[in-house]
Each structure stands twice: as C-alpha cells, then as structure tokens.
Amino acid sequence: MPDQIILNTGKAPSTGRRRKRLALGLLLVLGVCFLGWEAYTLSPEVRVTVVKGLGWMGPSALPLVVGFSQDDSGEVQKAAIEVLVQAGPEAVPALEQSLAHTDARQRKFAAEMLGRIGPGAAVPALVQAGSKDSDLEVRKKAILALAEAGAQDQNVVPVLIGWLDDEDLEIRRTAAASLGHVGPRAKAAVPALAKRLKDLHPEVRQAAAEGLKGIGPDASAAIPALTEALEDPHIPVHWEAKEALAVITGIRK
Numbered sequence: 001m002p003d004q005i006i007l008n009t010g011k012a013p014s015t016g017r018r019r020k021r022l023a024l025g026l027l028l029v030l031g032v033c034f035l036g037w038e039a040y041t042l043s044p045e046v047r048v049t050v051v052k053g054l055g056w057m058g059p060s061a062l063p064l065v066v067g068f069s070q071d072d073s074g075e076v077q078k079a080a081i082e083v084l085v086q087a088g089p090e091a092v093p094a095l096e097q098s099l100a101h102t103d104a105r106q107r108k109f110a111a112e113m114l115g116r117i118g119p120g121a122a123v124p125a126l127v128q129a130g131s132k133d134s135d136l137e138v139r140k141k142a143i144l145a146l147a148e149a150g151a152q153d154q155n156v157v158p159v160l161i162g163w164l165d166d167e168d169l170e171i172r173r174t175a176a177a178s179l180g181h182v183g184p185r186a187k188a189a190v191p192a193l194a195k196r197l198k199d200l201h202p203e204v205r206q207a208a209a210e211g212l213k214g215i216g217p218d219a220s221a222a223i224p225a226l227t228e229a230l231e232d233p234h235i236p237v238h239w240e241a242k243e244a245l246a247v248i249t250g251i252r253k
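Residue numbering for the sequence shown follows this note's numbering, beginning at 1 and increasing consecutively.
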C-alpha cells in the first residue's frame, strides 16, 4: 500500500510537466503564427514572395494570384500581373472565372488582363461582360479585350458592330475605336462606322473616324462620309476624319 502511494505521487509531477510543456508548445505555435500573420499583413515584400510562390505552383494556384490584383500594395499588384503574364494562356481560365466576381474592380482587372495576354477560350465570357456587366468600366475593358481577339476571330467583329448602336455613348465610342484596332479584318464594320460619323456625341464621331482609319484602304466606301465630316464643328473630329482620308486614299493634303 505505501508503495502504491509512492507510485501515484510519483506520476503526478510527470503529468503536470507534460501539460506545461504542451501548453508552452501551443503558445509558441500560436506566437509564430501570429508573427507570421503580422509579417504577411504588414510587409508587402512577404506578400510578393507569396504571389511568386503561387506562380511556381502552376495553373491551379492562379485564381489566388488574381485575388492579389486588388492588394493595397502596388508592388504586390505588379507581382500578380507579372505572374499572370508569364503564365500566358494558362491564366485564361482563372481570369475568365474572375469575370463573374462580385467585386467590379476584379472583373475589370480580369478583362484587362485577358486583353493583354489574349482572350483565348474566354471570348464568350468577355462578350457577356461587354453586354451585360453592371459596371460601365468593366464593359469597356471587355470590349477592348475582344478587339485583341478580333484580328484572329471573325466572330468578334459582328459583336463589336452591334455595340455601335448601344444606348451608352461610352460603349459606342469604345466599340468604334476597337474596330479600328482590329484593322482590315473589320471591313464589314465600314457602313456602321460611317453612320456613326453623324452620332450626336462628338466623342463617338471622332472614334468612328479613328475606327475607319484603322481599317485603312478597305474603308474606301466611307470616303464620302469622311469628306463630309471634315466640316464637323468639333475640331478633333475634323482632324481625325482628315487623317482617316489620308490613310484610306494614300493622299495627304
């Protein structure tokens, strides 16, 4: 019986020490986690390292990289852009997914990046964003991104032409300029662009002349409308029409 008592009293300190060590270990882990989180939130350099590390992980990590595009630090944003550009076509699915994000800033970023690296399979999603997004800037970025695809995908040109009749003048202006960016492959847009030389808003008329200039000699059918636009009371429209005529006819006056 005394041996049993001694045995029991011998165990108690050992159990207590183990509990203390466990508690201290837990506190240490929590402390390291806390310090790591503080370094992550306070140090842009740490977040830049995280972004670059995600880039090394491959396509599955790219949606996380897109999320860093809205970081408070310009350096972190720059790192996210660099990783996505380097990923190229592999980044398209992540960016396409972001076109449906609840944050308009991230949708705008996704559309802009798709224009930069090439829309690829995201063209239908960009058409949707350009047509129905609730944010005007997102719509404009989607239209500009589609212009990058228009030189290779003829299905894009009719969509851009359709936006020339949009009720929002900024959408009409952006679509007109985008058709010029597509170039000669947007020849089908010449009649619609010529019509926009009489738009009520000078910004749209100027963009229409710019679009025709971008199409070049294939826009010869618009010469009468451009000649009339030389009399436009808005000086920028006059000069853009003059430049368009010079490019289309090859004659500078």
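Ideal Cβ positions, reconstructed from N, Cα and C, are used throughout, including at glycine.
For residue 251, three-class secondary structure by DSSP:
Looking up residue 251 in the sequence shown gives position 251. DSSP places residue 251 in coil when its eight states are reduced to three.
Taking the alpha carbon of residue 217 as the reference point, which residue from 102, 206 and 248 has its own alpha carbon closest?
The residue given as residue 217 occupies position 217 in the sequence shown. Residue 217 has its Cα closest to that of 248, out of 102, 206 and 248.
In the DSSP assignment, the alpha helix (DSSP H) including residue 95 goes from what residue to what residue?
Locating residue 95 in the sequence shown gives position 95, counting from the first residue. From DSSP, the alpha helix (DSSP H) with residue 95 extends over 92-98.
Residue 200 - DSSP class collapsed to helix/strand/coil:
Position 200 of the sequence shown, counted from the start, is the residue given in the question as residue 200. In the structure shown, residue 200 sits in coil (DSSP, three-state: anything other than H, G, I, E or B).
Straight-line gap, residue 142 to residue 115 (C-alpha atoms, nearest Å):
Stepping through the sequence shown from its first residue, residue 142 is reached at position 142. Stepping through the sequence shown from its first residue, residue 115 is reached at position 115. Their backbone Cα atoms lie some 8 Å apart in a straight line.
Which whole-angstrom value is the C-beta distance of residue 51 and residue 66, which I expect to be below 8 Å?
Mapped onto the sequence shown, residue 51 falls at position 51. Mapped onto the sequence shown, residue 66 falls at position 66. In fact, because the Cβ distance is near 10 Å, the residues do not count as touching under 8 Å.
Residue 150, buried or exposed, once every other Cβ within 10 Å from all chains shown has been counted against 16:
Translated into positions along the sequence shown, residue 150 becomes position 150. When all chains shown are included, residue 150 counts as buried.
For the candidate residues 252, 104 and 119, whose alpha-carbon lies nearest to that of residue 85?
For the purposes of this step, residue 85 is identified with residue 85 of the sequence shown, where counting begins at 1. It is 119.
Let's test the definition: count the other Cβ atoms within 10 Å of the Cβ of residue 136 and tell me whether it reaches 16, buried, or not, exposed.
Your numbering for residue 136 matches position 136 in the sequence shown. So residue 136 counts as exposed.
Taking the alpha-carbon positions, what's the residue 56 to residue 80 distance?
As a working mapping, residue 56 is identified with position 56 in the sequence shown. As a working mapping, residue 80 is identified with position 80 in the sequence shown. The alpha-carbon atoms of residue 56 and residue 80 are separated by roughly 12 Å.
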